[in-house]
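Working notes, beginning with the structure itself.
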Amino acid sequence: MCGITGFNWKDGLMLQKMGEAIKHRGPDGNGTYLGSNISLGHLELAVLNLSENGHQPMFSEDKNLILIFNGRIYNFP
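To convert, count from 1 in the sequence shown and add 144; that's my numbering.
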């Protein structure tokens, strides 16, 4: 199971500490995003998608939207 961390202020050190506390949940990779009013972290457990395309956070083409999630996208092939 992946791990997700986050809160509504910018604090890279706190985000790192939260990630360390649950790193066993995502041994295959990690990613973070720090904005002016948000901190998001993702620890990845690669089950289906072992490529770089599955790394998070994910961004829209214009970088206006940032997504971190845990789940499956069914019927994707």
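Note that the Cβ used here is the ideal one computed from N, Cα and C, for glycine as well.
Just so you know, these numbers come straight off a predicted model, no measurement behind them.
Item: Coarse secondary structure for H186, derived from DSSP in three states; Value: strand
Item: Exposed unless 16 or more other CB atoms sit within 10 angstroms - verdict on G185; Value: buried
Item: Anticipated Cβ contact below 8 Å, F203 with I210, distance rounded; Value: 6 Å
Item: For M202, three-class secondary structure by DSSP; Value: strand
Item: Which listed residue (I182, A190, A165 and G170) has its alpha carbon closest to that of D155; Value: I182
Item: Coarse secondary structure for N152, derived from DSSP in three states; Value: coil
Item: Whole-angstrom C-beta distance between G147 and G170, which should lie under 8 Å; Value: 5 Å
Item: Through-space distance from S180 to G173, alpha-carbon basis; Value: 24 Å
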